[in-house]
Amino acid sequence: MKLCKIDLPWISSEVWLVQSGVKLSDHFLCTPLLASDSVNLLDSRSVMGDLGWIAYPKNGWEEIGEVDENYAPIHTYQVCRVTEQSQNNWLLTSWISNKGASRIFIELKFTLRDCNSLPGGLGTCKETFNMHYFESDDEDGRNMKENHYIKIDTIAADESFTELDLGDRVMKLNTEVRDIGPLTKKGFYLAFQDVGACIALVSVRVYYKKCSVVVRNLAIFPDTLTGADSSQLLEVLGSCVNHSVTDEPPRMHCSVEGEWLVPIGKCMCKAGYEEKNNTCQACHLGFFKDSPQNQMCTKCPPHSYTHEEASTSCICEEHYFRRESDPPTMACTRPPSAPRSAISNVNETSVFLEWIPPADTGGRKDVSYYIACKQCNSHLGLCGACGSRVRYLPQQSGLKNTSVMMADLLAHTNYTFEIEAVNGVSDQSPAARQFVSVNVTTNQAAPSPITNVKKGKVAKNSISLSWQEPDRPNGIILEYEIKYFEKNQESSYTIIKSKETKIAADGLKPASAYVFQIRARTAAGYGGFSRRFEFETSPVSVAASSDQSQTPVIAVSVTVGVILLAVFIGFLLSGRCFLQEAIRKTAHPCLPEKRCGYSKAKQDPEEEKMHFHNGHIKLPGVRTYIDPHTYEDPNQAVHEFAREIESSCISIERVIGAGEFGEVCSGRLKVPGKHELPVAIKTLKVGYSEKQRHDFLGEASIMGQFDHSNIIHLEGVVTKSKPVMIITEYMENGSLDTFLKKNDGQFTVIQLVGMLRGIASGMKYLSGMGYVHRDLAARNILINSNLVCKVSDFGLSRILEDDPEAAYTTRGGKIPIRWTAPEAIAFRKFTSASDVWSYGIVMWEVVSYGERPYWEMSNQDVIKAVEEGYRLPNPMDCSAALYQLMLDCWQKDRNSRPKFDEIVCILDKLIRNPSILKRLVNASSRVSNLLGEHNPLGNGVYRSVAEWLEAIKMGRYTEIFMENGYSSMDTVAQVSLEDLRRLGVTLVGHQKKIMNSLQEMKVQLPNGMVPL
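If you count the sequence shown from 1, position 925 lands on 921 in this note's numbering, and the numbers rise without skipping.
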């Protein structure tokens, strides 16, 4: 910092006399240059002439003229009448215009002498002075009345000097800044009041602050005066620089300190321009930019060019084309060359064609093939279209494979087949289309099957038939062969031959059904048999028929009698039937409902309530959960439900985590007479309170009551020695959410459904015991090496009462918002139905491989969104059946949600019929709401490749994509599976996630395009 050169001689007084010539320049530092965010209204050091200030009384403040380091005159004012009583010396400035500013800052630089250093210790000496101001619109309105001035502050020195300092030529300069406002008039006067101090006022600077003009995010923000309020932020609208646009005007806020804060929105260079040095510059020749969303101009793709600067697209070279749906970053292409090496294989009236793809695909990947069929007359040399009777397998146009079969051709006929390769731009250049021709002659062929057989005269022993010749005889029909047999007696049949298209089969049994099949023969052999036609002979006689007809009448009479008897017995035993059906449904909930002796809709409500509880029948001997909190002595509950284990039987091997009460370890359990087991060990930390001990062992009291393959198994507790421990079975893969994140995309959908089925089975067991978990989440599910999932963590769980509609009301405490049903959040009412809601969230976690529900939304936003009806969107690659089950679990009305036994049944059906799981939720109809797909633009549009990869949790590959030239979403849209492997994306799950994301973006946007 630069030193100022200012001489300040002190005037003498009756008490002391200071020799003039004391240099301040060796000790006083200059202030830095005026910052760009403040504007001077007055700087006493810069005024060359008279300041025009007035001292009152005149023998008070005295102006002392000095020079600075450039020998320019400066003004200082001094007063030191400390030996006189009741000093009241005023120094009034001239009128100062505020130039529209409503808050003004005053910077004072001064020195002040310590009163204790004065000879004789004058009791009238002061070490402060006052500063006042007076507002006025009149430049000549200076007022000498003290009561018209408003006091700003009493100014005190941070450092004062002594006579010793004078001897050492040390002056201690003080700087103080004060502000006034809000000002309402055009200008003001300042006044400095001395009441008995020894002061030198070196300089006075008056200024206001502003936010200087700035260009931010391609928007210009003008000079802006700060607000009058010290905490006020002024919102300022910016205007876009030349050649830039915005959907919403950008804004910034000007603080009282003259700083630009909180920028909102931005401008973007319009198409044809790119951002450089806060301006928009035109794209050079050979470069283009088609959208404001793109940041930089892009070089024209191959076989295209621009003819002027600021181009928004590139023009294709001659004989090259671009399809309307092609992105502008894609190279211009041309139609493919003809297919190569076409060969044919004739099989009677069918022809199989096979060929090699064209040598030049035109630069496109969407090559397909079209087959033109022509039937030729060898004598006349003319060819015409084959017509619609020819069948193409798999199809005539849009072929992706390099082979096709033509069936139902005519025998002994010449055909010409033209195989044309086409791509997306073939229709833009018809003259460039090329094909390869294949000439074939079909062989003699057997006739086609007969399709139309009619029944003629029917007698008790004969049936007459007639038919039409085959659609494709493929030659002269020599004869027909008729095969028939009695229904269900196919091993014994009869064959008749006929040259006519009719026969009469006789020697048949009366009132019997017969099956007939017919085929034709030419010189090439027999054709195929027709389908089976079934006809029945007449009965023996009318009398016989009458006798036989009595049999069903008797049967009907007997049936009616049995039904009436059954209704009567059912009425008497209806209660028993209802109980039996309830028992059957409890044991086999997936079986279809059987009707009892009366309609369920007409049951007495009291009777149904008596038999059922939460959808489960209450039978003698059924085990129910007992809340350990109801025990007066918590130790009694622990010893009743949990086995005590000697600490010597346990060996701790390593720490695998930390719980609420202490460490979680893995180890071994060796109980005498039993095999050694791997176990998980929860320990209670040292220094626990009795309440912590009871809460810790309370989970063991709950867990010890459960015995199910999908509930974590309690081995026992250690309470008679320290540390206190809970011993459970060991789950090798830890918590489900962490396990899924580590193995993203590595499981089949059947494996995922198997995990969900295990969780649902465990919850069905808990629900059947009248037990509510309250904290069902993937983090509280443990998974072993066989991928068996088990429900754990029963710290928040509570019992249900016997009333089916009863719910546990919490006594405060935290609720896992993202997993909790809305009624449980709003009213703190927990039921098995609220556990079903949580299970739906767990399903979403499993299918999305451990993604955080609702992502980074705050809990309050989650509560509001769910209450307004929004639900989590289906995860990527999610089966429609699984997502529908999730939505069913998230029904707002808890009575509409499925029960856990129903969920188990649904998952069992899916496992038995895995083809159902292949039907995915349509990407174009994916749920779109305020939860979105957590990308900033919504609708599957991303601003950059990095933003897209981060959104799908594949950010690790950003650098690889950029290094290999995939710097925009248009180039990424062309990526194939082979490209991913070449880039080093080797994990199948990651390949699948990236390719599915690209496919979804193409489906969601017009013409399959992916904007930048």
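All C-beta atoms, glycine included, are put in the ideal place defined by N, C-alpha and C. Keep in mind the model is a prediction, meaning the values are calculated, not measured.
Ranking E320, N343 and S364 by CA distance to the CA of Q424 puts E320 first. The bridge partners DSSP lists for P69 are V63. Taking the Cα positions, C382 is about 6 angstroms away from C369. Here DSSP, grouped into helix, strand and coil, assigns P674 to strand. The shortest C-alpha to C-alpha distance from D904 to any of Y522, D243, R824 and G750 is the one to G750.
K483 carries a coil assignment under DSSP once its states are collapsed to helix, strand and coil. I698 carries a helical assignment under DSSP once its states are collapsed to helix, strand and coil.
Cβ neighbours of V436 within its own chain (closer than 6 angstroms, five residues either side excluded): S340, V342, V347 and Y411. Between the region 76 to 88 and the region 169 to 178, the count of Cβ pairs shorter than 8 angstroms is below three; the stretches do not touch.
When rounded, the separation of the alpha-carbon atoms in I902 and D703 is 23 angstroms.
R753 sits close to I907, with the two beta carbons spaced by under 8 angstroms. If you draw a straight line from the Cα of D857 to the Cα of P812, it comes to about 14 angstroms.
With fewer than 16 other Cβ atoms from the protein chains shown falling within 10 Å of its own Cβ, K493 counts as exposed. Closest in C-alpha terms to Y316, from the list R385, N290 and S422, comes S422. The beta carbons of C874 and V832 sit about 19 angstroms from each other, so the pair does not count as a contact at 8 angstroms. Sorting G394, G380, V400 and K396 by C-alpha distance to the C-alpha of Y388 places V400 at the top. Per DSSP, S834 is not a residue of any beta strand (DSSP E); the alpha helix (DSSP H) it occupies stretches across S828 to V843.
Taking a contact as a CB-CB distance under 8 angstroms, the pair C250 and W256 counts as one, their CB atoms being some 6 angstroms apart. Separation of L883 and P674 (C-alpha to C-alpha, rounded to the nearest whole angstrom) is 39 angstroms. Cβ neighbours of E649 within its own chain (closer than 6 angstroms, five residues either side excluded): S662 and G663. One thing to note: A638 has its Cβ within 8 angstroms of the Cβ of G712.
Within the region 466 to 511, the complete beta strand (DSSP E) segments at least 3 residues long are 475 to 482, 490 to 494 and 498 to 501, listed from N- to C-terminus.
Membership of M727 in any alpha helix (DSSP H) is not indicated, and neither H nor E is assigned to it by DSSP. In this structure, A756 lies away from I837, with their beta-carbon atoms at least 8 angstroms apart. Proximity to K989 across S526, R867, L868 and S844 peaks at S844, based on C-alpha coordinates. Considering only E344, I722, T982 and S132, the residue with the shortest C-alpha distance to Y953 is T982.
In the structure shown, D740 adopts coil according to DSSP, grouped into three states.
I415 and S364 have their C-alpha atoms roughly 10 angstroms apart. Per DSSP, F348 is one residue of the beta strand (DSSP E) stretching across S346 to I352.
Between G471 and A428, the C-beta spacing is not below 8 angstroms. Shortest Cα-Cα distance from E996 to any of G653, Y938 and C312 involves Y938. For K786, the secondary structure class from DSSP, reduced to helix, strand or coil, is strand. Per the C-alpha coordinates, the member of S705, D740 and H635 positioned closest to M727 is S705.
E841 is classed as buried because its beta carbon has at least 16 other beta carbons within 10 Å across all chains shown. When beta bridges are read from the DSSP output, A196 appears opposite Q74 and T107. Under DSSP, Q189 takes part in a beta bridge, and its partners are W86 and N126.
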